[in-house]
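K.L.:
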Amino acid sequence: MSREFVLRDQVTIHAPLERCFLLSTSVEIVERELRMHPERGRMSGFVEDGDTVLWKGWKFGLPQFHESIIEEFRPCSFFRDRMISGRFKTFEHDHSFDLLADGSVRLRDEIRFSMRWGWLGKMLGVLLLRPHIRRLLRRRFGLLKRIAESEEWRDYIPARDASEALLTGRGRWKVGS
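At position 2 of the sequence shown the residue is numbered 1 (numbering that gives the first Met the number 0), and the sequence of numbers has no breaks.
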């Protein structure tokens, strides 16, 4: 039986909820933080319910791939990406968004993964992957916070009309759907 690793972290971002959610679903930001490139599926823009993305790149000096599907997608409150093919045995990443009383947003992430290869996979998980994924998660939080709290968010959500279309239903999803 493989061991499941669970990592949790959170950050408070002083920016609108919709902005935080959209930035968290940006393929370009994920590409920037993972240092892997989308090869198939959603290649740019914002991921949505049912989208898949095949990521390819190099990690630890080896070629890597990770294909995920976006599921349990509730705009501005929650989404999950789950690995459908890749090096892990299982990999799920929950993204939760809570609007706080002062108007800021608490972004909470939980990552669950397990490894193939029996005891060797467990050792790799403990010694290499758990610390690496924790660093990636913290780097992602720092990047999202910096972008959302500055004017840099406009580079990823360039036109107010584009984000309004997504959030009001003129796009493919809307708040509360």
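Virtual Cβ for every residue (Gly too), placed ideally from N, Cα, C.
Only a predicted model underlies this, so the values are computations on that prediction, with no experimental measurement involved.
#1: From the DSSP secondary-structure annotation, give me the bridge partner or partners of ASP8.
#2: Pick from PHE96, GLN63, ARG133 and LEU33: whose alpha carbon is nearest that of SER84?
#3: Beta strand (DSSP E) containing MET82: first to last residue?
#4: Measuring only the C-alpha atoms, how far is ASP101 from PHE112?
#5: Can you look up LEU135 in the DSSP assignment and give me helix, strand or coil?
#6: With a threshold of 8 Å on Cβ separation, who are the neighbours of HIS36 within its own chain once the five nearest residues in sequence on each side are excluded?
#7: Check whether the Cβ atoms of GLU109 and ILE12 lie closer than 8 Å to each other.
#8: Name the DSSP bridge partner or partners of ASP193?
#9: Taking MET42 as the reference, give the member of THR89, VAL5 and GLU66 with the closest Cα.
#10: Considering only C-alpha positions, which residue in the set ARG2, ASP8 and LEU16 is nearest to LEU99?
#11: Between which two residues does the alpha helix (DSSP H) holding ARG31 run?
#12: Count the other CB atoms, across all protein chains shown, that sit within 10 Å of the CB of PRO130; report buried if there are 16 or more and exposed otherwise.
#13: Select from MET82, CYS75 and GLU32 the residue whose C-alpha is nearest the C-alpha of ILE146.
#14: Counting only the same chain and skipping the five closest in sequence on each side, list residues whose C-beta sits under 8 Å from that of ARG137.
#15: Is it right to say MET122 is buried, meaning 16 or more other beta carbons lie within 10 angstroms of its own, or is it exposed?
#16: Quick check on GLY124: buried or exposed, where buried means 16 or more other Cβ atoms within 10 Å of its Cβ?
P.N.:
So, from the listed chains and residues:
#1: Indexing the sequence shown from 1 puts residue 8 at position 9. For ASP8, which the question treats as bridged, DSSP gives the partners ASP108.
#2: For the purposes of this step, residue 84 is taken as the residue at position 85 of the sequence shown. Out of PHE96, GLN63, ARG133 and LEU33, GLN63 has the C-alpha closest to the C-alpha of SER84.
#3: Within the sequence shown, numbered from 1, the residue matching residue 82 stands at position 83. Per DSSP, the continuous beta strand (DSSP E) segment holding MET82 begins and ends at 77-85.
#4: Against the sequence shown, residue 101 aligns to sequence position 102. Against the sequence shown, residue 112 aligns to sequence position 113. Approximately 34 Å, taken between the alpha carbons.
#5: Residue 135 sits at position 136 when you count from the first residue of the sequence shown. If DSSP states are grouped into helix, strand and coil, LEU135 belongs with the helices.
#6: As a first step, residue 36 must be located in the sequence shown, where it is residue number 37. The beta carbon of HIS36 is closer than 8 Å to those of GLU30, TRP54, LYS55 and GLY56 in its chain, skipping five residues each way along the sequence.
#7: To locate residue 109, count along the sequence shown from 1; it is residue 110. To locate residue 12, count along the sequence shown from 1; it is residue 13. ILE12 is positioned such that its CB atom lies no closer than 8 Å to that of GLU109.
#8: Any answer about residue 193 is impossible in this case: the structure gives the chain only from 0 up to 176.
#9: One-based indexing of the sequence shown puts residue 42 at position 43. The closest CA to that of MET42, considering only THR89, VAL5 and GLU66, is found on GLU66.
#10: What you label residue 99 is simply residue 100 of the sequence shown in a count that begins at 1. Nearest option by C-alpha distance: LEU16.
#11: Reading the sequence shown from its first residue, position 32 is the one you call residue 31. It spans 26-33 - the alpha helix (DSSP H) in which ARG31 sits, taken as one unbroken run.
#12: Your numbering for residue 130 matches position 131 in the sequence shown. PRO130 is exposed by the Cβ-count criterion.
#13: For this step, residue 146 is matched to residue 147 along the sequence shown. That would be GLU32, whose Cα lies nearest to the Cα of ILE146.
#14: Counting from one through the sequence shown, the residue named residue 137 turns up at place 138. Taking ARG137 as the centre and dropping the five residues before and after it, the same chain places the C-beta of ASP8 closer than 8 Å to its C-beta, in chain order.
#15: The count along the sequence shown starts at 1 and reaches residue 122 at position 123. When all chains shown are included, MET122 counts as exposed.
#16: Position 125 of the sequence shown, counted from the start, is the residue given in the question as residue 124. GLY124 should be labelled buried.
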